[in-house]
Structure formats: structure tokens, C-alpha cells
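Visitor: Here it is, the structure, as C-alpha cells.
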Amino acid sequence: MKSELILKVDCFNLKDTLECGQCFRWEKDNEEDNTYIGVLKDRVIKVKQIENKLYIDSSNYDNLESVVKKYFDLDVDYYKIEKVISTFDENIKKAVKNTSGIRILNQNFFEMIMSYIISANNNIPRISKSIKDISQKYGKKVIFENNEYYLFPTAQELKNVTEEDFKKCGVGFRARYLKNTVKAILENKIDLEQIKRLDTKEAKEELLKLQGVGPKVADCILLFSCERREVFPIDVWVERVMHNLYFKNSTKRIRKNDILEYANKNFGEYAGIVQQHLFHNIRNNLI
DNA sequence: TGCCAGGCCTTCC
DNA sequence: GGAAGGCATGGC
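Mapping of the first sequence onto the numbering used here: residues 15 to 301, in sequence order.
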């Protein structure tokens with residue numbers, strides 16, 4: 015592809031970054047190998063990585079470089095971060111080596127809230143399909159290379175969507191949570207812009223007020239759209255891998271809080287990045 | 001068929 | 001505050 019924008023990248027693996035479970039809207043291009051097409055907040059992006067270069071096309075070239083850099087966290091030194099977290103212990107060292115170049119994306123706040131509410135007790139293919147359905151029905155249409163894509167709708171655009179409407183998008187019992195969350199945001203019972211300015215603990219408390227948002231979902235939202243790299247979302251996979259790696263010989267029953275405490279103490283400000291490596295490793299039988 | 005899926009809500013001690 | 005049970009839906 016003849017790309018309008020080419021960026022040099024270090025310590026970046028596009029495939030692992032897009033396939034490690036933090037995002038739901040990227041698809042492989044049918045026509046070109048190792049090329050992905052995704053919908054960011056206000057545009058469609060086509061991106062391909064060859065060695066240390068990203069080749070990018072888009073439906074919208076306004077500020078494209080800064081949009082892409084922000085989304086893929088390209089202004090942060092992951093080489094340094096991976097070097098630091100590799101010193102934590104041999105497990106992390108091995109995991110990071112296996113999936114080096116995973117970056118934590120900076121995704122749209124509202125989209126992450128809705129997406130991770132949908133994720134509860136669900137599987138990734140179905141989560142992706144529901145998000146796609148919601149976008150197609152209620153989001154703005156964007157034409158890119160003669161194909162139709164849809165932005166994830168704003169809260170305002172979902173104003174009149176009923177519980178039944180959401181159910182038609184395959185979200186099941188979560189339909190009520192989605193509807194109530196949209197309502198809470200539109201009625202300013204929760205202020206998204208303000209949450210971004212709060213410290214992590216307070217921001218989490220605010221997010222927990224939303225129906226369908228528990229501790230794990232709140233942590234995912236904070237990690238994947240608010241640059242809070244210190245949070246450590248614990249789902250069934252992370253619980254499993256942490257148990258295998260650090261609590262196997264424990265005699266007492268291990269709770270999530272025990273795992274969280276361990277992560278905070280040992281992984282510190284980069285716990286979220288460690289978590290993403292562990293998640294991708296365990297899901298792909300790498301560790 | 002029954003179990004599981006990037007958990008959370010509700011009920012009941 | 002903590003332990004159960006239920007929950008929509010599709011894939012295996």
C-alpha cells in the first residue's frame with residue numbers, strides 16, 4: 015500500500031498489541047497480509063508494520079500523526095519499561111520476552127466503558143460482534159476505500175436506545191447496564207471529563223457507581239483509556255496465571271485481593287503492562 | 001447436554 | 001463483608 019504516513023517505531027509489535035485482548039474493533043485486512051483496519055474515535059485507520067516502520071492510511075488525515083502516536087502510546091519509552099519490568103523476576107522476564115512490543119492503547123473513554131461492561135462473563139468474539147452491531151446501528155458512517163465503517167456512537171447518539179434495542183445487539187442481560195450507564199452519563203450523574211482528572215483511586219470509585227462496572231471492568235477502563243498503567247485488572251485468566259506463578263504452594267485460600275496486593279507491591283507503576291503480557295502469554299500457552 | 005466465556009448484581013447470612 | 005446463585009447467549 016502507498017501510505018501517506020510512515021512512522022518509525024521502537025519496541026512495538028502491532029500484531030500482539032492489537033491481538034492481546036485490550037481492543038475489540040480491529041480486523042485483519044482481507045487483501046493484504048499483516049494489515050489491520052480499525053475504527054478510532056473519529057476515523058478509520060489502516061495500518062501495517064514492516065520491521066520498525068508503521069505504514070498508515072486513514073479516512074481522515076487531520077492530525078493523523080498525533081492521533082496515531084497517542085493511540086499507540088508511541089511517545090512513551092516501552093524499551094525502558096520492558097527493561098525495568100524484566101528485572102522483577104524470571105516469570106515476567108520470560109513473559110515480556112515472548113510478547114515484547116505490546117503497547118497499552120489509549121482508547122476512547124466512553125467506548126471502553128461500554129465495551130468492558132459488555133465483556134463481563136462473555137467471550138471475546140461475541141464482545142466484538144456486539145460492539146460492531148451497536149456501532150453499525152447507532153454510530154456515524156465513514157467511507158474508507160469504498161467500504162463502510164461505523165464510529166462507536168456517543169452517549170448522545172445512544173440516548174433513545176432501549177434495553178430491547180441493546181439486546182438485539184446480543185449483549186444479553188448487560189442491556190440494562192448499558193442503558194443505565196448511558197442515562198447516568200447524559201444526566202451528568204457521572205462526569206467523564208472530571209474522572210480523567212481524578213487520581214486513580216477516586217476515578218475508580220466514580221466508575222464503580224455505574225451499573226455493570228465492578229472492580230475488574232473499572233480497572234480495564236482505567237488502563238485502556240485513562241493512561242493508568244498501575245492498575246492490575248484480574249480476570250479468570252490473570253487469576254489463573256498469577257496463581258500458577260506465585261501462589262502454587264500456598265496453603266491458605268488465595269483471594270483476588272491477595273493477588274492484587276502482590277501485584278501492587280511487586281509490579282508497581284507498571285502493573286497494568288505486566289498484566290497485559292501475562293494475559294497474552296497465558297491465553298496463548300506461552301507461559 | 002452441559003460447561004464456559006476478560007464479572008457483576010442481588011439476596012441472604 | 002462475604003458467600004452463593006442467577007444471569008443472556010453462542011460455541012464447543
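Beta carbons: idealized from backbone N, C-alpha and C, even for Gly.
Identify which residue in Asn66, Leu237, Leu54, Lys42 has its Cα closest to the Cα of Asp24.
Guide: Asn66
Visitor: By the 10 Å Cβ neighbour count, where 16 or more other Cβ atoms means buried, how is Pro247 classified, buried or exposed?
Guide: buried
Visitor: With a threshold of 8 Å on Cβ separation, who are the neighbours of Leu200 within its own chain once the five nearest residues in sequence on each side are excluded?
Guide: Ala169, Gln170, Lys173
Visitor: Would you kindly report the start and end of the unbroken beta strand (DSSP E) that includes Glu162?
Guide: 161–164
Visitor: Any contact between the stretch 116–123 and the stretch 76–95? By contact I mean 3 or more CB pairs, one from each, below 8 Å.
Guide: Three or more Cβ pairs closer than 8 Å define a contact, and the stretch 116–123 meets that threshold against the stretch 76–95.
Visitor: Please report the distance separating the alpha-carbon of Phe166 from that of Lys181.
Guide: 17 Å
Visitor: Pick out whichever of Glu275, Lys22, Ser149 has its Cα sitting closest to the Cα of Leu54.
Guide: Ser149
Visitor: Can you name the start and end residues of the alpha helix (DSSP H) that Ile131 belongs to?
Guide: 123–133
Visitor: Which residue's Cα is closest to the Cα of Asn258: Ser133, Glu46, Tyr152, Asn105?
Guide: Asn105
Visitor: When the Cα of Phe102 is compared with those of His291, Phe281, Ile296, Asn298, which residue comes out closest?
Guide: Phe281
Visitor: Enumerate in chain order the residues of its own chain whose CB-to-CB distance from Glu96 is below 7 Å, with the five nearest sequence positions on each side excluded.
Guide: Spatial neighbours of Glu96 in its own chain (CB-CB distance under 7 Å, excluding positions within 5 residues in sequence) are listed in chain order as Cys25, Val110, Ser114.
Visitor: Pop quiz: Ile145 and Asn27 are said to be a contact at Cβ under 8 Å. What is the actual Cβ separation, rounded to whole angstroms?
Guide: Contact flag wrong, Cβ pair sits at about 23 Å.
Visitor: Starting from Gln63, follow the beta strand (DSSP E) in both directions and report where the run begins and ends.
Guide: Segment 58–64, the beta strand (DSSP E) holding Gln63.
Visitor: Where Ala134 and Glu253 are concerned, what is the direct C-alpha to C-alpha distance, given to the nearest angstrom?
Guide: 15 Å
Visitor: Checking 8 Å against the spacing of the C-beta atoms, do Leu32 and Tyr50 come in under that value?
Guide: yes
Visitor: Going straight from the alpha carbon of Asp39 to that of Lys29, what length do you get?
Guide: One detail in the question is off: residue 39 reads as Arg in this sequence, not Asp. The alpha-carbon atoms of Arg39 and Lys29 are separated by roughly 14 Å.
Visitor: Decide if the stretch 284–299 is in contact with the stretch 233–245; the criterion is three or more beta carbon pairs, one per stretch, under 8 Å apart.
Guide: yes
Visitor: Go ahead and pull the three-state DSSP assignment for Ile248.
Guide: In the three-state DSSP reduction, Ile248 falls in the coil class, being neither helix nor strand.
Visitor: Hey, out of Val98, Lys42, Val81, Glu45, whose CA is closest to Leu21's CA?
Guide: Val81
Visitor: For the stretch 126–133 and the stretch 224–231, state whether three or more C-beta atom pairs, one from each stretch, are separated by less than 8 Å.
Guide: yes
Visitor: In its own chain, which residues sit with a C-beta less than 6 Å from the C-beta of Thr195, not counting the 5 before and 5 after it?
Guide: Leu224.
Visitor: Kindly give me the distance between the Cβ atoms of Ser73 and Val58, rounded to whole angstroms, as I take these residues to be in contact under 8 Å.
Guide: 4 Å
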